[in-house]
Amino acid sequence: MSSSVPEAIGKVPMPERSPNVILGKQDFMSVLLRSIGGELYKIRRRPLAKALLLIGIAIMILGFGVFALPAIINSSLPVESYLPPPCKGSASSIQSQCLNHTPNAEDLAKAAQVKTLEVKAASTPLYLPDSFFTAISIIYFIGVMLIIILAGTIVGGEYISGSIRVMLTRGPTRTQFLLAKVGTMLIYSAFLLVLLAFVGILTGAILTLLTNASVDWKFLTSAWLLHCLLFLLLAILGLFVYGTLAICFSTLGKATVGGVAGGLIWWFMERVLSSILPFLGLSNKSAFGNFLSAVPDYFIGNNIGALLNNQEQYMNGGQATGSISDLHAIIVLLVYLAVFIGSAWWVNQARDISN
Numbered sequence: 001m002s003s004s005v006p007e008a009i010g011k012v013p014m015p016e017r018s019p020n021v022i023l024g025k026q027d028f029m030s031v032l033l034r035s036i037g038g039e040l041y042k043i044r045r046r047p048l049a050k051a052l053l054l055i056g057i058a059i060m061i062l063g064f065g066v067f068a069l070p071a072i073i074n075s076s077l078p079v080e081s082y083l084p085p086p087c088k089g090s091a092s093s094i095q096s097q098c099l100n101h102t103p104n105a106e107d108l109a110k111a112a113q114v115k116t117l118e119v120k121a122a123s124t125p126l127y128l129p130d131s132f133f134t135a136i137s138i139i140y141f142i143g144v145m146l147i148i149i150l151a152g153t154i155v156g157g158e159y160i161s162g163s164i165r166v167m168l169t170r171g172p173t174r175t176q177f178l179l180a181k182v183g184t185m186l187i188y189s190a191f192l193l194v195l196l197a198f199v200g201i202l203t204g205a206i207l208t209l210l211t212n213a214s215v216d217w218k219f220l221t222s223a224w225l226l227h228c229l230l231f232l233l234l235a236i237l238g239l240f241v242y243g244t245l246a247i248c249f250s251t252l253g254k255a256t257v258g259g260v261a262g263g264l265i266w267w268f269m270e271r272v273l274s275s276i277l278p279f280l281g282l283s284n285k286s287a288f289g290n291f292l293s294a295v296p297d298y299f300i301g302n303n304i305g306a307l308l309n310n311q312e313q314y315m316n317g318g319q320a321t322g323s324i325s326d327l328h329a330i331i332v333l334l335v336y337l338a339v340f341i342g343s344a345w346w347v348n349q350a351r352d353i354s355n
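Counting from 1, one number per residue, gives the positions in the sequence shown under the working numbering.
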């Protein structure tokens with residue numbers, strides 16, 4: 001009787017897989033791409049991600065509104081307000097610095113010309129090409145914070161909820177899990193920057209209509225478009241580096257607060273130390289003082305800023321004038337990426353997640 005049990009078990013038919021279950025390829029890249037798709041879906045469903053995106057759009061519109069205030073105010077003033085001030089007493093008009101007669105048509109025409117020039121000068125940040133740089137500057141004020149918060153959340157949340165145990169026991173490997181988070185941050189950084197830049201440029205164009213400022217499109221050449229694309233790629237790289245910083249801290253701290261607080265403190269301290277260390281270096285005429293002055297050249301934000309500033313000079317037909325070269329900045333940022341991703345990978349591989 002005992003000898004027939006294995007034979008009976010061997011004849012049990014395997015259950016058929018439901019047609020609704022699609023079993024994809026199990027090679028490394030296929031699993032990684034599916035994991036990235038799942039992470040992007042989770043971000044799209046997160047209320048926090050939607051709230052952060054709306055905050056970014058609102059701040060972008062508000063920022064352009066602030067830049068537009070001087071132009072709107074100047075355009076709303078009457079032409080007479082741009083006339084030279086009337087001469088006092090018997091003083092005569094000297095080099096058109098004051099007006100000693102009733103304004104005539106010629107005076108009003110000159111005043112209208114002055115008004116047009118002042119409105120156009122005040123509207124410069126609102127239309128291309130300057131609106132592109134205005135949008136990027138606003139993004140680097142708010143976009144870095146949004147990326148750090150989101151990156152810290154998508155990694156730290158896995159540890160807080162305990163879903164990382166289920167994912168690693170039934171799904172991708174630990175390396176694929178981490179690379180999926182990193183790839184998701186790269187895609188979302190590109191999406192966030194392009195979307196906010198588009199919103200900013202569109203907002204600036206609408207506000208330009210209110211000021212009646214004319215736009216000169218002579219800047220739009222193939223070389224400018226090429227440098228514009230490179231500028232966007234470098235800006236995406238900058239956001240991505242801060243995203244990997246938050247992923248690293250969230251992995252090390254096994255919590256959302258580790259990535260968010262650590263990333264924001266790092267970003268804030270870089271801005272503070274970039275102002276303090278050069279001053280301390282100048283006041284200390286020694287090798288140590290030179291070291292302090294050189295430290296900010298290796299900060300993330302300063303190297304990103306150098307790349308963007310150099311690219312902006314190229315777009316305007318000039319040459320890079322900063323103290324940090326493009327090669328130096330790219331090497332420093334790649335080292336940061338290697339350290340952040342490598343540290344997170346090493347900790348993720350060695351960590352016991354059973355409890």
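Ideal Cβ positions, reconstructed from N, Cα and C, are used throughout, including at glycine.
| field | Phe28 - containing alpha helix (DSSP H), residue span | value | Sequence index remark: in the sequence shown, residue 28 carries index 28 (1-based). Phe28 -> alpha helix (DSSP H) spans 28-45.
| task | Check whether the Cβ atoms of Asn348 and Ile324 lie closer than 8 Å to each other. | result | Stepping through the sequence shown from its first residue, residue 348 is reached at position 348. Stepping through the sequence shown from its first residue, residue 324 is reached at position 324. No; because the gap between Cβ atoms is not below 8 Å, this pair is not in contact.
| message | Distance check for Val339 and Ser275, CA to CA, integer angstroms please. | response | Your numbering for residue 275 matches position 275 in the sequence shown. Your numbering for residue 339 matches position 339 in the sequence shown. In this structure, the alpha-carbon of Ser275 lies about 25 Å from that of Val339.
| message | Given this structure, state the Cα-to-Cα distance separating Leu54 from Gly243, to the nearest angstrom. | response | Your numbering for residue 54 matches position 54 in the sequence shown. Your numbering for residue 243 matches position 243 in the sequence shown. Near 19 Å, if we compare the C-alpha coordinates of Gly243 and Leu54.
| field | Enclosing alpha helix (DSSP H) for Asn100 [first to last residue] | value | Walking along the sequence shown from the start, residue 100 turns up at place 100. Taken as a continuous stretch (DSSP letters only), Asn100 belongs to no alpha helix (DSSP H), as it is neither H nor E.
| said: Check for me: the alpha helix (DSSP H) holding Gly301 runs from which residue to which? | reply: As a position in the sequence shown, residue 301 is number 301, starting the count at 1. Its alpha helix (DSSP H) spans residues 300-315.
| query | What is the DSSP secondary structure of Pro296, reduced to helix, strand or coil? | reply | What you label residue 296 is simply residue 296 of the sequence shown in a count that begins at 1. The answer is helix: DSSP assigns Pro296 an H, G or I state.
| field | Contacts around Phe219, its chain only, beta-carbon distance under 7 Å, and the 5 residues preceding and following it disregarded | value | Start at 1 with the first residue of the sequence shown, and residue 219 comes out as number 219. Result list for Phe219: Pro129, in chain order.
| request: Please state whether DSSP places Pro360 in a helix, a strand or coil. | output: Because the chain is modelled from 1 through 355, residue 360 falls outside the range shown and cannot be assessed.
| request: Using a threshold of 8 Å, state whether the C-beta atoms of Val215 and Thr208 are closer than that. | output: Residue numbering aside, residue 215 sits at position 215 when the sequence shown is read from its first letter. Residue numbering aside, residue 208 sits at position 208 when the sequence shown is read from its first letter. In this structure, Val215 lies near Thr208, with their beta-carbon atoms less than 8 Å apart.
| field | Which listed residue (Pro86, Asp27, Asp107, Gly157) has its alpha carbon closest to that of Glu39 | value | For the purposes of this step, residue 39 is taken as the residue at position 39 of the sequence shown. The option with the nearest alpha carbon to Glu39 is Gly157.
| C-beta contact flag for Leu186 and Phe240 at 8 Å | Reading the sequence shown from its first residue, position 186 is the one you call residue 186. Reading the sequence shown from its first residue, position 240 is the one you call residue 240. Taking 8 Å as the Cβ cut-off, Leu186 and Phe240 qualify as a contacting pair.
| said: Which residue marks the beginning of the alpha helix (DSSP H) containing Tyr336, and which one marks its end? | reply: Taking the sequence shown and counting its residues from 1, one reaches residue 336 at position 336. Here the alpha helix (DSSP H) through Tyr336 covers 326-350.
| message | Between the region 217-237 and the region 152-166, can you find at least three pairs of beta-carbon atoms closer than 8 Å? | response | By the Cβ rule, the region 152-166 does not count as touching the region 217-237, because fewer than three pairs are nearer than 8 Å.
| field | Which residues DSSP lists as bridging Pro70, in chain order | value | The residue given as residue 70 occupies position 70 in the sequence shown. According to DSSP, which records beta bridges pairwise, Pro70 is partnered with nothing at all.
| request: Using 10 angstroms around the beta-carbon of Ala51, count the other beta-carbons present and answer buried if the total reaches 16, otherwise exposed. | output: As a position in the sequence shown, residue 51 is number 51, starting the count at 1. By the beta-carbon neighbour count (other beta carbons within 10 angstroms, threshold 16), Ala51 is exposed.
| query | With DSSP run on the structure shown, which of helix, strand or coil describes Pro86? | reply | For the purposes of this step, residue 86 is taken as the residue at position 86 of the sequence shown. Reduced to three states, the DSSP call for Pro86 is strand.
| task | Check each candidate in Ser286, Phe133, Ile149 and name the one with the smallest Cα separation from Leu48. | result | Here residue 48 corresponds to residue number 48 of the sequence shown, with the count starting at 1. Checking every option, the nearest Cα to that of Leu48 belongs to Ile149.
| field | Burial state of Thr211, where buried means 16 or more other Cβ atoms lie within 10 Å | value | The count along the sequence shown starts at 1 and reaches residue 211 at position 211. Under the 10 Å beta carbon count, Thr211 is surrounded by 16 or more other beta carbons and is classified as buried.
| message | Tell me which residues share the same chain as Ser343 and place their Cβ nearer than 6 Å to its Cβ, disregarding the 5 neighbours each side in the sequence. | response | Your numbering for residue 343 matches position 343 in the sequence shown. If we look at Ser343 and ignore the five residues flanking it on each side, its Cβ neighbours are Cys248.
| query | Roughly how many angstroms lie between the CA atoms of Tyr336 and Gly37, to the nearest whole one? | reply | Reading the sequence shown from its first residue, position 336 is the one you call residue 336. Reading the sequence shown from its first residue, position 37 is the one you call residue 37. Cα to Cα, the separation comes out at about 26 Å.
| For Asp216, the three-state DSSP class (helix, strand or coil) | Along the sequence shown, one-based indexing puts residue 216 at 216. It is coil, neither helix nor strand.
| request: Please check the pair Gly281 and Leu292, which I expect to be a contact at CB under 8 Å, by giving their CB distance rounded to whole angstroms. | output: Here the question's residue 281 lines up with position 281 in the sequence shown. Here the question's residue 292 lines up with position 292 in the sequence shown. Confirmed, Cβ separation roughly 4 Å.
| If you draw a straight line from the C-alpha of Thr175 to the C-alpha of Gln26, how long is it? | Counting from one through the sequence shown, the residue named residue 175 turns up at place 175. Counting from one through the sequence shown, the residue named residue 26 turns up at place 26. For Thr175 and Gln26, the distance between alpha carbons rounds to 14 Å.
| task | Count the other CB atoms, across all protein chains shown, that sit within 10 Å of the CB of Ile73; report buried if there are 16 or more and exposed otherwise. | result | Mapped onto the sequence shown, residue 73 falls at position 73. By the 16-neighbour rule on beta-carbons within 10 angstroms, Ile73 is exposed.
| Which one of Leu233, Trp266, Met60 has the shortest CA to CA distance from Ala246? | To locate residue 246, count along the sequence shown from 1; it is residue 246. A check of alpha carbon separations from Ala246 across Leu233, Trp266, Met60 identifies Trp266 as the nearest.
| Is it true that the CB of Ser286 sits closer than 8 Å to the CB of Pro172? | Here the question's residue 172 lines up with position 172 in the sequence shown. Here the question's residue 286 lines up with position 286 in the sequence shown. Taking 8 Å as the Cβ cut-off, Pro172 and Ser286 do not qualify as a contacting pair.
| When the Cα atoms are used, what is the spatial distance from Thr272 to Tyr140? | Residue numbering aside, residue 272 sits at position 272 when the sequence shown is read from its first letter. Residue numbering aside, residue 140 sits at position 140 when the sequence shown is read from its first letter. The identity of residue 272 in the sequence shown is Val, whereas the question assumes Thr. Going by the C-alpha atoms only, they are around 16 Å apart.
| query | Looking at Ile353 and Leu168, is the spacing between their C-beta atoms short of 8 Å? | reply | Counting from 1 along the sequence shown, the entry for residue 168 is found at position 168. Counting from 1 along the sequence shown, the entry for residue 353 is found at position 353. It is a contact, given that the beta carbons lie within the stated cut-off.
| request: Pick helix, strand or coil for Leu77, following the three-state DSSP scheme. | output: To locate residue 77, count along the sequence shown from 1; it is residue 77. Correct three-state label for Leu77: coil.
| request: Keeping to the same chain, check which residues put their C-beta closer than 7 Å to that of Phe67; ignore five residues upstream and five downstream. | output: As a working note, residue 67 is residue 67 in the sequence shown. Apart from the 5 residues on each side of it in sequence, Phe67 sits with its Cβ closer than 7 Å to the Cβ of Pro125, Leu126, Thr134 in its chain, given in chain order.
| For Ser137, which three-state DSSP category applies? | If you number the sequence shown from 1, residue 137 lands on position 137. Reduced to three states, the DSSP call for Ser137 is helix.
| Residue interval of the alpha helix (DSSP H) (run including Glu378) | Outside the shown range of the chain (1 to 355) lies residue 378, about which nothing can therefore be said.
| request: Using the Cα positions of Glu118 and Tyr82, report the straight-line distance between them to the nearest angstrom. | output: The residue given as residue 118 occupies position 118 in the sequence shown. The residue given as residue 82 occupies position 82 in the sequence shown. Approximately 10 Å, taken between the alpha carbons.
| Met145 beta carbon less than 8 Å from that of Leu237 | Here residue 237 is taken as the residue at index 237 of the sequence shown, counted from 1. Here residue 145 is taken as the residue at index 145 of the sequence shown, counted from 1. No. Outside cutoff.
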